[in-house]
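Take a look at the structure set out below.
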Amino acid sequence: MTVTWESVESTNIDMIGYDEDNSQLHVKFRSGAEYVYNEVPPAVYQEFLDSDSKGKFLNERIKGRYNYARV
41 MTVTWESVES TNIDMIGYDE DNSQLHVKFR SGAEYVYNEV PPAVYQEFLD SDSKGKFLNE
101 RIKGRYNYAR V
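Sequential numbering of the sequence shown, starting at 41, is according to this note's numbering.
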């Protein structure tokens, strides 16, 4: 598993990463919590990176659509 991490500008999210081999989106919050979302297409990850509001994108386009686990 190789995760490519990107620091992002967000009040709640510190970094987001993507594991292309497993189609997993990783989200690290400023609180220290980390979540992994499964079966996220690369295009959705790219849209997340490009979004103006990371929190809004996470809530509207990721949460509730993909299985996840806290790590």
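Glycine residues also receive a C-beta, built at the ideal position from the N, C-alpha and C atoms.
Collapsed DSSP secondary structure at residue i in the structure displayed
{"i": "Gly95", "result": "helix"}
{"i": "Ala73", "result": "coil"}
{"i": "Glu100", "result": "helix"}
{"i": "Leu108", "result": "The sequence as given places Tyr at residue 108; Leu does not occur at that position. Strand at Tyr108."}
Cβ neighbours of residue i in the same chain (closer than 7 Å, five flanking residues each side left out)
{"i": "Ser91", "result": "Phe97"}
{"i": "Tyr106", "result": "Tyr77, Asn78, Glu79, Val80"}
{"i": "Thr44", "result": "Gly57, Tyr58"}
Own chain residues within Cβ distance below 6 Å of residue i, not counting five before or after
{"i": "Arg110", "result": "Tyr75"}
Boundaries of the alpha helix (DSSP H) in which residue i is found, first to last residue
{"i": "Tyr85", "result": "82-90"}
Same chain, Cβ closer than 8 Å to residue i, five either side skipped, listed in chain order
{"i": "Pro82", "result": "Tyr58, Glu60, Ser63"}
Residues sharing a beta bridge with residue i, DSSP
{"i": "Ser47", "result": "Met55"}
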